[in-house]
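1225 is the number that my numbering gives to position 424 of the sequence shown; each next residue is one higher, with no gaps. Note that beta-carbon positions come from the ideal geometry of N, C-alpha and C, so glycine has one too.
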Amino acid sequence: PLAVSNYDVCLLRDNYDLSGGDTFGLYIIGGRIDAAPNYIDSIQVYYPISDTAVVMHTDAFPGRAGDSITVAHSSIVYNNIAYSMGGFSQATGVTSAQVWSFNPLATADTRWSRLKDMPLARAYPIVAVVDSFLYALGGDTWSSSLLYPRAECQRLNLNDTASGWEYVARMPDSNSQVRAFGFDSDKPGDFAGDIIVADRGVWPYESTDCYIYHTATDTWDTFPRLGQARRNHAGVFIPDEAEGGTGVPGIWVFGGRQLQDTLCLQVSEYYAIDIPSHDVGVTQILAPRDTVDSGATVTPQAVIRNSGSSGETFDVRFAIGADYADTVTLTLSPGSTDTVGFEDWGALELGTFAVTCSTMLASDTNPANDAVHDSVYVSPFTGVAEQRGLPGVFSLGRVAPSPSRGRVVVRFGVPRLTPATVRVYSAAGTVVRTICSSSLAPGYYSLDWNGRDAAGRPAGAGVYLVRLEAEGFAATRKLVLQR
């Protein structure tokens, strides 16, 4: 009913019982009318089944910038809650950091709740949700009638909004007024856990640059460019599993402005995302990695993912050098990931050995991710023999420091040439890490333990036991880790 610009569309279930049977509406929160600073805080809803549009008479958008109604706030939906954040007011020259949530199923006049402010006030933040985290990327700050694009990025845990926002990696370039598309980590396809930012807006201009953010590693990369430079455009992701019609699944962008506000694009573009039916692969080798001491025992581990749209049962093979290989059978649902462990491997020979983990699925349509290759170096035992005479008996000194937040030193004595092992155990008696398993000459030794388990993961806070065993001798010392 009200002609507006500068808005996002939010699909929300409100169970509005129209005669046409609508339970979902397309919500527009505020917007700009005619010319700035003529902004409205009204909420408009379009119900597509009955082809009905209404203006809500309650629950106007409460977001403000310097006590003025804002425009250019960004909105996104997660679990049927709309989140609106940021914006600015030309009337007051103020940019907003406010964040609000809207529950369409709540009682009238109680649907808005204020959340923690963003650390950086801005308009046009680029928003996406991945794995229940709301990301606010880039955006514009307003000063002296000009918009200045930013590169800072933050995220908010929507399952714990009281904890507030935290910073993540900056965008490669300042950016605003464009669209982002987030993919949960359990989704099939190559972009699970990623955010794709379609285009780059730098007021008053735009470019065709696109970017991809990897939430798991907190890193950015470039992404294939758009054909047309644009900003203030619309965008939508059409999933492969969408039913009905003959449309092309993928990322779509529509319209937008180019060079000037009066030059609006009619050209639409899409990036096809083809999710194969059968695609399993190796994501990462966790162990062994880099260097291990001779005599150490390592449990090989790898991360395996089903990126296809079908559930699969298949074999995974792990090989180290020419003398070790083990195969396990794994079942994964579409989009799921699992960490797989194999039979223990003993680092008995010195040298560098090839490490390969591979999936074996006969119907796999994407062989590029079927194997990961690495190497491991088996080095001579790295404990340091201290120059202070020869011990007369076996001994295990105090582990220090304790309590510790990570690295500790283990000192022990060996009176004669003998095989010896030093292991770290959990309080429950499970081996966490073998830090020495070798034949040692007589002497006093000093070993470092970095507080990580055999897979390289930080050991959790708690009580651990360090145990020396050698030729019938055994001694144990307690260690407390704090995180």
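Bridge partners - residue i, DSSP secondary structure assignment
i: TYR949; result: THR942
i: LYS1279; result: LEU1266
i: ASP756; result: With the chain covering only 802 through 1284, there is no way to say anything about residue 756.
i: ASP1174; result: Correcting the residue identity first, residue 1174 is His in this sequence and not Asp. Bridge partners of HIS1174: THR1157.
i: ASP1127; result: PHE1119
i: GLY826; result: LEU813
i: ASP985; result: BP columns for ASP985 are empty, so no partner.
i: PHE1274; result: ALA1271
i: ASP1139; result: ILE1105
i: ARG956; result: TYR936, GLU967
i: THR1132; result: THR1114
i: ARG865; result: ILE870
i: PRO802; result: Answer is none; PRO802 lacks a bridge partner.
i: GLY1147; result: THR1098
i: GLY1152; result: VAL1179
Supposed contact pair residue j and residue i - C-beta distance, whole angstroms, cut 8 Å
i: THR1009; j: ALA1030; result: 5 Å
i: ILE1121; j: ALA1103; result: ILE1121 to ALA1103, Cβ: 12 Å. No contact.
i: THR896; j: TRP943; result: 5 Å
i: ARG956; j: ASP941; result: So it is not a contact: roughly 19 Å between Cβ atoms.
i: ARG1058; j: ARG1090; result: Not confirmed; about 49 Å, so no contact.
i: TYR808; j: ILE829; result: 5 Å
i: THR1222; j: CYS1237; result: 6 Å
i: THR1020; j: ALA981; result: Not really, about 16 Å apart at Cβ, beyond 8 Å.
i: ASN904; j: ARG912; result: 5 Å
i: ARG1217; j: GLY1198; result: Between GLY1198 and ARG1217 the Cβ distance is about 18 Å, and since that is not below 8 Å, they are no contact.
i: SER1095; j: SER1176; result: Their Cβ separation, rounded to whole angstroms, is 16 Å, which puts SER1095 and SER1176 out of contact at 8 Å.
i: VAL1209; j: SER1203; result: 7 Å
i: TRP1250; j: ARG1234; result: 7 Å
i: TRP1053; j: GLY1028; result: So it is not a contact: roughly 13 Å between Cβ atoms.
i: PRO1259; j: ARG1268; result: Actually they do not touch by this definition, with Cβ atoms about 21 Å apart.
i: HIS796; j: GLY887; result: Since the first and last residues shown for the chain are 802 and 1284, residue 796 lies out of range.
i: ALA898; j: ALA922; result: 4 Å
i: LEU1162; j: PHE1115; result: 4 Å
Whether residue i touches residue j by CB criterion (8 Å)
i: ALA883; j: SER890; result: no
i: LEU1133; j: ASP1127; result: no
i: HIS1079; j: GLY1051; result: no
i: LEU935; j: CYS954; result: no
i: THR1160; j: VAL1129; result: no
i: TRP1146; j: PRO1077; result: no
i: TYR1012; j: VAL998; result: yes
i: THR1092; j: TYR1014; result: no
i: LEU1282; j: ALA1256; result: no
i: TYR848; j: TYR879; result: no
i: ALA1169; j: THR1157; result: no
i: MET857; j: VAL872; result: no
i: ARG1106; j: GLY1082; result: yes
i: GLY990; j: VAL931; result: no
i: ASN881; j: LEU813; result: yes
i: VAL1049; j: ALA1088; result: no
With 16 other Cβ atoms within 10 Å as the buried cut-off, status of residue i
i: TYR1265; result: buried
i: PRO802; result: exposed
i: SER843; result: buried
i: ALA993; result: buried
i: TYR1006; result: exposed
i: GLN1061; result: exposed
i: LYS1279; result: exposed
i: ASP868; result: exposed
i: GLY760; result: What is shown of the chain runs 802 to 1284, which leaves residue 760 out entirely.
i: ILE850; result: exposed
i: ALA1017; result: exposed
i: THR859; result: exposed
i: VAL900; result: buried
i: SER824; result: The sequence shown places Thr at residue 824, rather than the Ser named in the question. Exposed is the call here.
i: ASP815; result: buried
i: GLU1144; result: exposed
i: ASN976; result: buried
i: SER885; result: buried
i: HIS1034; result: buried
i: ALA1245; result: For clarity, residue 1245 is Tyr in the given sequence; the question names Ala instead. Burial call: buried.
i: ARG1286; result: Outside the displayed range of the chain (802 to 1284) lies residue 1286, so it cannot be described from this structure.
i: CYS1065; result: exposed
i: ALA1229; result: exposed
i: GLN792; result: Residue 792 is absent from the model: the chain starts at 802 and stops at 1284.
CB contact check: residue i to chain D, cutoff 8 Å
i: ASN1251; result: Reference to chain D is not applicable here, since this structure consists of a single protein chain.
* Any beta strand (DSSP E) of 3 or more consecutive residues that is wholly inside the segment 832-859 -> Those beta strand (DSSP E) runs which fall completely within the segment 832-859 and span 3+ residues are 840-848, 853-856.
* **Segments of 4+ residues assigned as alpha helix (DSSP H) that fall wholly inside the segment 1029-1099** => Counting only unbroken stretches of 4 or more residues, no alpha helix (DSSP H) element lies wholly within the segment 1029-1099.
* **Minimum length 3: unbroken beta strand (DSSP E) runs contained in the segment 958-1007** => Counting only unbroken stretches of 3 or more residues, the beta strand (DSSP E) elements lying wholly within the segment 958-1007 are 966-969, 980-983, 995-999, 1001-1003, in sequence order.
* **Ranges of the beta strand (DSSP E) found wholly within the segment 1185-1253, counting only runs of at least 3** => DSSP runs (the beta strand (DSSP E)) wholly in the segment 1185-1253: 1185-1187, 1209-1215, 1219-1227, 1232-1241, 1244-1250.
* Asked: If you scan the segment 888-947 from start to end, which runs of the beta strand (DSSP E) of 3 or more residues do you find wholly inside it?
  -> With a minimum length of 3 residues, the continuous beta strand (DSSP E) runs that stay inside the segment 888-947 are 900-903, 913-915, 927-931, 934-938, 941-944.
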